[in-house]
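Take a look at the structure set out below.
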Amino acid sequence: MPVTAAAADLREPNAHGADADVLRRQDPEIADVLAGEGRRQADSLQLIAAENFVSPAVLAALGSPLANKYAEGYPGARYHGGCEYADAAERIAVQRATALFGAEHANVQAHSGSSAVLAAYAALLRPGDTVLAMGLAHGGHLTHGSPANFSGRWFDFVPYGVDAESGLIDHEQVRVLAHEHRPKAIVCGSISYPRHIDYAAFREIADEVGACLIADAAHPMGLVAGGSAPSPVPYADVVCATTHKVLRGPRGGMLLCGGELAERIDRAVSPFTQGGAQMHTIAAKAVALGEAASPGFAAYTRQVVANARALAAALARAGLLITTGGTDTHLITADPAPLGVDGRTARARLAAAGIVLDTCALPYGDGRGIRLGTAAVTTQGMGAADMERIAALFTAALRDDPDAAGKARAEVRELVGRYPPYRG
Ligand SMILES: *Cc1c(COP(=O)(O)O)cnc(C)c1O
1 MPVTAAAADL REPNAHGADA DVLRRQDPEI ADVLAGEGRR QADSLQLIAA ENFVSPAVLA
61 ALGSPLANKY AEGYPGARYH GGCEYADAAE RIAVQRATAL FGAEHANVQA HSGSSAVLAA
121 YAALLRPGDT VLAMGLAHGG HLTHGSPANF SGRWFDFVPY GVDAESGLID HEQVRVLAHE
181 HRPKAIVCGS ISYPRHIDYA AFREIADEVG ACLIADAAHP MGLVAGGSAP SPVPYADVVC
241 ATTHKVLRGP RGGMLLCGGE LAERIDRAVS PFTQGGAQMH TIAAKAVALG EAASPGFAAY
301 TRQVVANARA LAAALARAGL LITTGGTDTH LITADPAPLG VDGRTARARL AAAGIVLDTC
361 ALPYGDGRGI RLGTAAVTTQ GMGAADMERI AALFTAALRD DPDAAGKARA EVRELVGRYP
421 PYRG
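At position 110 of the sequence shown the residue is numbered 110 (full-length UniProt numbering), and the sequence of numbers has no breaks.
Next up, the structure:
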C-alpha cells in the first residue's frame with residue numbers, strides 16, 4: 001500500500017498554474033539539473049536516514065507566491081505590511097504543531113534544525129556556559145559542541161557517550177559528568193542513535209544538578225508525531241526538531257516549549273539569530289503537520305519502524321555488525337568490517353549499485369560505519385519483503401566484484417521502479 005498522501009505527478013501544473021515547462025523554456029540548464037535530480041531520486045535506493053519524499057502538496061506550498069513575501073516578526077506584530085496571509089499561514093502552522101505534539105508553544109520560523117538549536121542555546125545560555133551533550137563520535141550533532149561549529153566555539157561542551165559493549169547511552173556516566181561539571185544545560189538527541197531516548201532519565205539528572213534539558217529530536221520527531229516514539233515534550237524545557245526527516249515536511253526547523261519560555265524562544269529565533277521568516281516554507285510546514293496528524297501518518301511511522309527492524313535483522317544475517325543489536329526507530333547504524341570493508345568503501349560500493357546512504361563515526365575504534373534509515377523507502381510503499389531484498393542487494397554490492405555490482409544496480413532499478421516516489 002503506497003503511503004504517499006496524494007498521487008499528483010511532479011510534472012503536473014502546480015498550485016498557481018505555472019508548470020515545469022515554463023522553467024524549461026526559460027532556463028533549460030537548470031531544468032535539466034532538476035529533472036536529473038528527480039530521475040536520480042526515483043532511480044536509486046534512498047537510504048539516507050535524514051531524507052524522505054515530501055508530498056506533492058508540500059511541494060506546491062514551497063513553490064507558492066508566499067516565497068515572495070517578507071514577514072519579519074510574528075503574526076500580528078510584523079515589520080512589514082501585507083502580512084495577512086503570511087500571518088494566517090504561520091498561525092495555522094503553530095496551532096497544528098502545538099496540537100500535534102501537545103506543547104504549549106511552538107516556533108516554526110527556525111530555518112533549519114541547526115538554527116533551532118542555536119536559538120535554544122541563545123534563549124537559555126550565555127557564551128562560556130557549560131553544556132553536557134553526546135560526544136560527536138558517539139552520535140552528537142555538529143551543534144553539540146563541534147569545534148567546527150558555533151557551539152564548540154561559544155560554549156564549554158562536556159561529552160557523554162554510549163557503552164562500549166551495548167552501544168546504549170550510559171546514563172550513569174551522564175549522571176557522574178553532570179554532578180562533576182554542573183552544566184547549565186544537558187542536550188539529549190543524536191544523529192545516529194537507533195534506540196528510543198529515555199527523556200525521563202535525562203530530566204531526572206538535569207533536575208539533580210539544576211540544569212535545563214534541551215531535547216534535539218530532529219530525527220525521531222516524525223515518529224513522535226505518529227505515536228511510534230516517546231515524546232520529549234513532557235520532559236524537556238525546549239524541544240528542537242527539523243520538519244524534514246521522518247516528519248516528511250519541507251527542510252526547516254521548529255522549537256517547542258512551555259508557555260513560560262515562549263517569548264524567550266521567539267526572540268531567540270527572531271530577531272536574535274534570524275531575520276525574515278520563510279513564509280512559503282512555513283506554509284509547507286503547516287501542510288506537513290496537517291498530514292502528520294492523520295491516522296495514515298501514524299500507520300506510516302509504524303511501518304517505518306517495522307521496516308527498519310526487518311532491515312537491521314536481515315543486514316545482521318548478512319554479516320554486518322548492527323549497533324545496539326537492532327533499532328527502535330527508522331535509523332540503523334552498522335559496522336561492515338566483518339565483510340572486509342570499512343564504512344567509506346561500503347558507501348562507495350553501495351553507491352555504485354545505486355544504494356545511497358551515509359557513513360558515520362563509530363564510537364570505539366577508528367574505522368567508520370554506515371548509517372541508513374527507512375523513512376524514504378517506506379513513503380515509497382516498500383514493506384518487510386523489500387527489506388529482505390535490500391539486504392541481499394547489500395551483500396551483492398559489497399563484494400569486490402564488478403559483475404555482482406552491475407547485477408545489483410539492475411536489481412535496484414527493478415525494485416525502485418515498482419515504487420515511484422511521485423506517481424503520474
Ligand atoms: C538533522 C539534525 C540537526 C540539524 O538539522 P539541519 O536542518 O541540517 O540544520 C540537528 N540536530 C540533530 C540531532 C539532527 O539530527
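Backbone N, C-alpha and C define an ideal beta-carbon position, used for all residues, glycine too.
- Cβ neighbours of residue 87 within its own chain (closer than 8 Å, five residues either side excluded): 71, 75, 76, 78.
- Residue 413 sits in a helix when the DSSP states are folded into three classes.
- According to the DSSP assignment, residue 59 belongs to no beta strand (DSSP E) but to the alpha helix (DSSP H) extending over 56 to 62.
- Classified as exposed, residue 317 has fewer than 16 neighbouring CB atoms from the shown chains inside 10 Å of its CB.
- Here residue 240 is bridged, per DSSP, to 216, 255.
- Taking each of 286, 242, 224, 409 in turn and checking the Cα distance to residue 255, the smallest one comes out for 242.
- Beta bridge pairing from DSSP links residue 46 with 356.
- Per the coordinates, the alpha-carbon of residue 321 lies some 13 Å from the alpha-carbon of residue 372.
- With a cutoff of 9 Å on beta-carbon distance, residue 199 and residue 235 are scored as near each other.
- The set of residues with a C-beta under 5 Å from any non-hydrogen atom of ligand 1 comprises 112, 113, 114, 141, 189, 191, 216, 218, 219, 242, given in chain order.
- The segment 282 to 337 is shown to contain whole beta strand (DSSP E) runs of 3 or more residues at 331 to 335, in chain order.
- Apart from the 5 residues on each side of it in sequence, residue 173 sits with its Cβ closer than 6 Å to the Cβ of 160 in its chain, given in chain order.
- Distance from the Cα of residue 409 is smallest, within the candidate group 30, 374, 29, 40, for 40.
- In the displayed model, residue 341 falls within coil according to three-state DSSP, outside both helix and strand.
- Burial check for residue 272: the Cβ neighbour count within 10 Å stays below 16, so the residue is exposed.
- For residue 287 and residue 130, the gap between their C-alpha atoms comes out near 38 Å.
- The alpha-carbon separation between residue 354 and residue 303 amounts to approximately 23 Å.
- In this structure, residue 67 lies near residue 278, with their beta-carbon atoms less than 9 Å apart.
- At the C-beta level, residue 184 and residue 124 come within 9 Å of one another.
- Here the segment 338 to 358 lies against the segment 388 to 407, with 3 or more beta-carbon pairs under 8 Å apart.
- DSSP places residue 134 in the strand class (E or B) of the three-state scheme.
- Relative to the Cα of residue 186, the nearest Cα in the group 192, 376, 170, 203 belongs to 203.
- For the pair residue 155 and residue 389, the Cα-to-Cα distance works out to about 46 Å.
- In the assembly as shown, residue 365 is an exposed residue. Its beta-carbon has fewer than 16 other beta-carbons within 10 Å.
- Just measuring C-alpha positions, the residue of 178, 368, 281 sitting nearest residue 134 is 178.
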